[in-house]
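Protein chains in written order, with this note's numbering: chain A, 1 to 385; chain B, 1 to 889. The C-beta atom is built at its ideal place from N, Cα and C for all residues, glycine as well. Presented below is the structure to which this report refers.
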């Protein structure tokens with residue numbers, strides 16, 4: 001609730017006094033070598049735990065330490081419950097679908113550096129997502145995805161959300177034709193079957209923000225329209241239909257502080273009034289060497305999910321930035337081949353004022369084939385028409 | 001017979017210093033018409049008997065008109081004089097006319113046996129109490145009772161030094177005898193007291209930008225001499241003896257820096273607003289974490305370890321506009337004094353330093369004022385007498401129109417709703433009850449409001465009010481009593497989400513009383529002693545919902561109340577010409593109801609000076625300090641969201657000591673002061689923060705804090721030329737300040753329990769402040785600042801977590817940002833020197849950061865999704881030209 005100031009202050013003060021932020025390379029090599037444990041023990045689902053190592057500031061991913069990779073490959077993981085039950089890892093996945101939510105659980109990792117364990121914890125119920133909504137700010141530059149949730153308890157709750165997102169986007173122009181490339185001049189323009197249309201695409205991913213909030217200091221254990229993250233009005237995600245799928249976890253206060261700090265360390269530093277960054281200890285420790293820093297926090301939780309569709313047709317939020325392309329109106333096979341070989345495709349017919357056919361309009365392929373921007377033409381099940 | 005002689009000499013000595021004016025009533029009969037006492041006496045002397053002796057009361061301005069026949073005249077004149085409070089004593093055919101006193105025609109029994117002057121004779125006492133107002137120099141002034149000449153070899157001369165035109169007391173004027181041994185300075189009331197050998201001598205007065213004055217004296221005994229001095233108009237040629245350069249070798253105090261407003265106005269600063277605090281930061285041993293921060297660090301201390309006093313009231317946040325300006329109006333400030341080493345025993349409650357900001361007294365002769373226009377603010381001040389020569393006022397106000405800055409922001413930034421505004425107002429009233437008693441009343445108000453978006457507003461305000469009574473009991477004893485109220489409040493209102501809209505308030509209210517006495521028991525000892533009490537009433541946090549739909553639960557942290565009381569005594573002991581010592585003891589005690597621990601203890605203040613000669617001296621000092629109030633902040637800058645907390649069972653008082661030594665030498669005909677000071681300092685229970693500490697509305701705050709010890713040391717070199725065509729100072733400082741967590745918390749201990757750099761640890765520091773006067777009207781000023789970059793915590797590694805790159809931080813403050821360098825220049829055009837012109841205009845044209853260097857404020861990394869980027873924030877990354885216009889009327 002209150003962490004927002006610092007970001008605001010920092011940016012605004014910087015802007016107000018004509019200050020500038022420059023890219024700057026402090027020339028620090030840093031060092032790698034801290035084990036990172038990512039993932040949670042999710043009761044009632046299949047949980048995934050990923051192990052990795054931190055690396056220095058200068059190395060690229062490709063030069064990661066072979067020695068450490070070997071240790072990771074040799075690490076053995078299991079989850080144990082407070083009654084002695086044991087859930088073995090299968091490539092980092094744990095089948096916790098039948099786990100008893102009333103027990104305490106922890107993660108154990110064994111490798112040649114020692115035995116690592118997370119702290120024992122019992123799953124908290126995830127609360128209930130009352131609604132997902134979105135808000136557009138006054139000057140229509142940002143669209144925020146909001147969540148409302150509550151529990152019936154009186155104690156404050158701490159939440160974390162993970163968002164997987166899917167969105168539909170379109171090529172710049174629809175197309176009625178395609179070119180049958182044969183390698184010679186006999187290639188021809190033929191009508192494009194509907195199934196082969198590359199106008200509508202879908203893609204998705206998961207958001208990397210660590211989203212946390214608490215109801216500390218509120219009258220009820222309730223959040224109303226809490227903003228999770230925002231999209232700008234030129235973000236392709238919101239160009240047609242956008243679907244955030246929100247996974248809500250209720251977490252302990254300890255976990256909340258950890259993830260909040262992790263988020264802050266990456267964003268909220270360096271300003272005039274910013275708190276100094278600092279490293280918090282997670283809940284995973286090397287039992288053989290407690291002083292070893294292990295990054296990450298393994299929570300025990302049950303989750304709840306909700307999703308929604310945001311349709312730009314209704315909100316007219318997205319601003320397109322169309323660029324001018326050089327288009328060719330062509331009507332001879334020789335031109336077709338030339339155009340095709342320079343990365344163009346036929347789209348639609350062009351007629352003059354009196355209705356004489358002049359040729360096909362040829363567009364650059366990346367304006368016609370939406371898959372060029374990374375999506376697929378597979379419509380996700382249940383996607384609105 | 002001998003008795004007569006005594007009285008004769010007495011009276012004659014006094015009367016000869018009276019200006020004699022002959023004026024006969026024009027064309028009338030016998031008598032006097034509208035004659036002053038002097039004239040009346042003269043008339044009697046010529047007409048009746050030469051043996052009339054009178055001691056005129058300087059405050060007597062009554063005119064006498066007596067028109068009677070000659071035979072009745074004498075009796076009538078005496079009646080009139082008696083009616084006006086004079087006593088006429090006839091002795092041995094002579095008349096002695098004295099106001100308000102009886103003349104003893106008999107000496108007290110045993111007079112000639114007694115070795116000491118018979119002070120109990122009222123006449124003698126009267127003589128020594130007489131004050132002769134000095135206006136010109138070509139005279140011989142006789143001080144005291146001539147007949148006590150044989151009785152003592154030394155006597156005390158005291159009096160006030162005032163400005164000739166405004167009647168304001170002049171502070172810090174050096175008063176010295178030309179034997180080079182007796183020296184003092186006027187205090188905050190313009191009062192001086194100097195022990196001099198009896199007999200003839202020359203008394204010198206010199207002060208910054210004042211015309212030097214030398215008066216011929218013949219001293220017989222204790223007496224008073226009020227002096228008025230003139231502002232120096234021409235300072236182009238000639239060696240000038242300055243109070244500053246002399247004083248360094250006179251006082252045992254170390255590490256005291258005084259900056260006068262005239263200097264402050266010459267130092268170029270950002271946006272051209274003369275700023276007392278920014279000039280303090282140009283002194284050696286004073287550092288700041290970066291530009292746009294008015295918080296300052298003195299000798300390795302933190303920003304909350306400075307006691308900032310404005311006319312005795314404590315100012316908790318001396319900033320306007322998040323630190324771009326200080327909240328002291330330059331038009332009403334007289335001077336600032338910084339104690340960074342030898343902190344007098346009368347001050348306490350902060351570890352590092354005391355910064356005293358004093359406002360001026362209003363002009364006691366005529367109403368005047370000034371108007372200033374700058375880039376950010378406009379200022380107005382008025383001053384003048386309410387009752388001539390008795391009651392004066394000074395009133396100042398500033399307001400800003402800085403919202404234009406926000407309009408320059410690009411339209412697509414989300415700060416178009418941003419605005420910042422501030423106001424401040426000062427009021428000072430001075431009332432002279434009589435020659436010995438003065439009352440001062442001070443009021444101060446400042447408020448700031450800023451918002452960067454439509455939905456978040458920050459506000460804070462300072463209020464200070466104080467009443468001060470200064471009383472001089474007699475030559476040797478004086479008292480100051482001050483009482484007042486200080487208040488600092490801030491609030492944040494956030495309506496970003498109307499279901500979570502809230503307002504957060506915190507504040508400090510304090511009531512204080514200070515009773516200080518000063519007694520010179522003998523020539524060698526000057527004691528100061530007194531009692532200070534401060535009652536704190538803190539609001540550590542109050543959270544309120546805003547609007548009907550807000551779910552925020554109104555909650556309040558328990559108010560913190562406590563009394564800090566202190567007793568102190570201090571002695572300045574002059575052991576001969578070369579050696580003097582100052583020793584002080586202060587016992588401070590903290591009374592807090594919900595505390596079971598005993599919070600209190602002694603503080604020692606020791607310093608000593610040995611002068612080899614007039615221009616070379618060495619000093620050493622040792623201080624201990626205690627601090628019962630802490631600022632809770634985990635940003636490196638003083639931010640408006642910092643809150644103050646009192647010491648408690650969990651949050652122990654900070655304690656510290658400092659040992660320092662220095663060598664001082666004055667060169668080039670007293671115009672160049674060199675000083676070299678070294679110090680070593682330890683502080684315990686200094687607060688730092690656990691990783692991820694929650695500082696706002698945290699009822700268990702102490703759990704998120706850690707106690708550290710601080711170790712600082714440094715060496716400061718300074719060359720200062722206070723006056724002359726070229727004036728200013730050059731300083732170099734090498735200093736370190738490191739922290740170490742006191743408790744061992746195992747793996748959670750910061751830096752594994754090793755020393756780490758304090759965030760304001762900047763080892764090398766070079767500062768130059770210079771002003772060169774081409775003519776009386778044109779001068780240029782330069783300000784140069786070089787410092788090692790401050791330490792920051794930056795990441796040492798990175799990792800992937802939830803599909804994003806994250807940063808690993810390890811050693812706290814382990815990296816230094818690039819060095820800081822800045823040069824500012826200003827051209828100052830003074831008003832024309834026609835003294836009779838009604839208004840005087842002056843301009844300052846300057847440029848901040850002339851070289852346009854992109855000085856780093858911070859260096860940091862951000863993890864923006866898929867990549868890690870290094871950044872450097874530079875606050876004033878370019879030249880900032882400015883023009884400032886001032887009008888005096």
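Chain B contact residues for residue i, given Cβ-Cβ distances below 7 Å
i	result
residue 52/A	799 and 800
residue 170/A	Here the premise fails: no neighbours, minimum Cβ distance about 24 Å.
Residue-level contact to chain B via CB, residue i, 8 Å cutoff
i	result
residue 4/A	Here the model assigns residue 4/A a pLDDT of 43, short of 50, so the residue's position is not dependable, and the following value carries that caveat. Output row for residue 4/A: interface = yes.
residue 218/A	yes
residue 346/A	no
residue 34/A	yes
residue 101/A	no
residue 278/A	yes
DSSP three-state assignment for residue i, whether helix, strand or coil
i	result
residue 255/B	coil
residue 255/A	helix
residue 130/A	strand
residue 37/B	helix
residue 886/B	strand
residue 365/A	helix
residue 783/B	strand
residue 72/A	helix
residue 698/B	coil
residue 262/B	helix
residue 826/B	strand
residue 334/A	helix
Counterpart residues of residue i in DSSP-defined beta bridges
i	result
residue 247/A	162/A and 305/A
residue 473/B	Per DSSP, none; premise fails for residue 473/B.
residue 81/A	105/A
Chain-ordered chain B contacts of residue i [CB-CB under 8 Å]
i	result
residue 55/A	797, 798 and 799
residue 126/A	Correct list: empty, because the minimum Cβ distance to chain B is about 18 Å.
Partners in chain A for residue i, counting only beta-carbon separations shorter than 9 Å
i	result
residue 747/B	281, 285, 290, 291, 292 and 293
residue 261/B	Result: empty, since nearest Cβ-Cβ is about 26 Å, beyond 9 Å.
Cβ-Cβ distance between residue i and residue j below 8 Å
i	j	result
residue 733/B	residue 255/B	no
residue 357/B	residue 333/B	yes
residue 265/A	residue 807/B	yes
residue 248/A	residue 149/A	yes
residue 257/A	residue 293/A	no
Cβ of residue i within 8 Å of any chain A Cβ
i	result
residue 551/B	yes
residue 697/B	yes
residue 160/B	no
residue 281/B	no
residue 466/B	no
residue 543/B	yes
residue 854/B	yes
residue 692/B	yes
residue 319/B	no
Beta-carbon neighbours of residue i, restricted to chain A and to distances below 7 Å
i	result
residue 869/B	23
residue 803/B	206 and 208
Proximity test, residue i beta-carbon vs the ligand HEM heavy atom, cut-off 7 Å
i	result
residue 840/B	Looking at this structure, you won't find the ligand HEM or any other ligand, since it has none at all.
Contacts that residue i makes with chain A (C-beta to C-beta distance below 8 Å)
i	result
residue 505/B	Simply none; closest approach about 14 Å.
residue 332/B	Result: empty, since nearest Cβ-Cβ is about 26 Å, beyond 8 Å.
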